[in-house]
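J.: Take a look at the following structure, please.
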Amino acid sequence: MENRDLNTLRGCVEGWAMEKGIWGGDFMPQFVKFQEEVQELSNELIDMTSVVAKSEKGGMMEIAYSYESKEYIDHDAMQKELGDVLVTLIILASKLDTTVEECLGKAYDKIAKRTGKVVNGTFIKSEDLPQ
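All the letters of the sequence shown, read from the start, carry residue numbers 99 to 229 under my numbering.
Below you can see the structure in the form of structure tokens.
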């Protein structure tokens with residue numbers, strides 16, 4: 099498959115969504131679909147284990163989760179899942195009367211001037227760093 103720019107692909111997604119009748123209207127079903135796609139991407143990237151422990155008080159169950167990166171990531175499957183996330187974001191943005199480009203521009207403007215440092219692979223804003 100040839101490389102296509104974001105604008106071209108966004109147009110393809112918009113056309114597909116219009117054809118399928120999911121363009122416009124209430125945003126909530128699309129937001130739920132977006133969440134489902136993020137979970138599917140998560141399943142491709144991380145292994146999650148849970149430990150269930152019975153509480154001493156009132157028989158309540160407590161579930162603790164542990165996450166770790168998968169030893170092997172299927173690159174093709176990961177790309178497809180990440181693409182599904184982008185598709186749902188493009189459609190969600192339209193339902194909220196905006197575009198992914200407008201949102202990305204605003205996000206970049208917000209982060210461009212941030213200061214901070216990377217801790218364990220995650221950028222932490224200066225104001226969120228421990229004093």
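Even glycine gets a Cβ: it sits at the ideal position worked out from N, Cα and C.
Going by alpha carbons, who is nearest to arginine 108 out of Val130, Thr186, Met126, Asp172?
T.: Residue Thr186 is the option with its Cα nearest to arginine 108.
J.: Can you tell me where the beta strand (DSSP E) holding lysine 131 begins and where it ends?
T.: It is not in any beta strand (DSSP E) - lysine 131 instead sits in the alpha helix (DSSP H) that spans 126-143.
J.: Take every Cβ of the segment 129-149, pair it with every Cβ of the segment 171-186, and state whether three or more of those distances are shorter than 8 angstroms.
T.: Segments in contact, yes.
J.: Does the Cβ of serine 164 have 16 or more other Cβ atoms within 10 Å, making it buried, or fewer, making it exposed?
T.: Label assigned to serine 164: exposed.
J.: Under 7 angstroms, do aspartate 182 and glutamate 135 count as touching if we go by C-beta distance?
T.: Yes, the Cβ-Cβ distance between aspartate 182 and glutamate 135 is below 7 angstroms.
J.: What do you reckon, are the CB atoms on leucine 190 and glutamine 128 nearer than 7 angstroms?
T.: Their beta carbons are under 7 angstroms apart, which means leucine 190 touches glutamine 128 by this criterion.
J.: My understanding is that lysine 215 touches isoleucine 222, with C-beta atoms under 8 angstroms, so please give their C-beta distance in whole angstroms.
T.: Correct: roughly 6 angstroms between the Cβ atoms.
J.: Tryptophan 121 and serine 192 look like a contact to me (Cβ under 8 angstroms); what is the Cβ gap, rounded to whole Å?
T.: Tryptophan 121 to serine 192, Cβ: 6 angstroms. Contact.
J.: Quick one: what's glycine 214 bridged to in DSSP?
T.: Beta-bridge pairing links glycine 214 to Lys223.
J.: With the cut-off set at 7 angstroms, would you say phenylalanine 125 and leucine 184 are in Cβ contact?
T.: The answer is no: Cβ separation not under 7 angstroms.
J.: Do valine 130 and isoleucine 188 have their CB atoms nearer than 7 angstroms?
T.: Cβ atoms of valine 130 and isoleucine 188: not closer than 7 angstroms.
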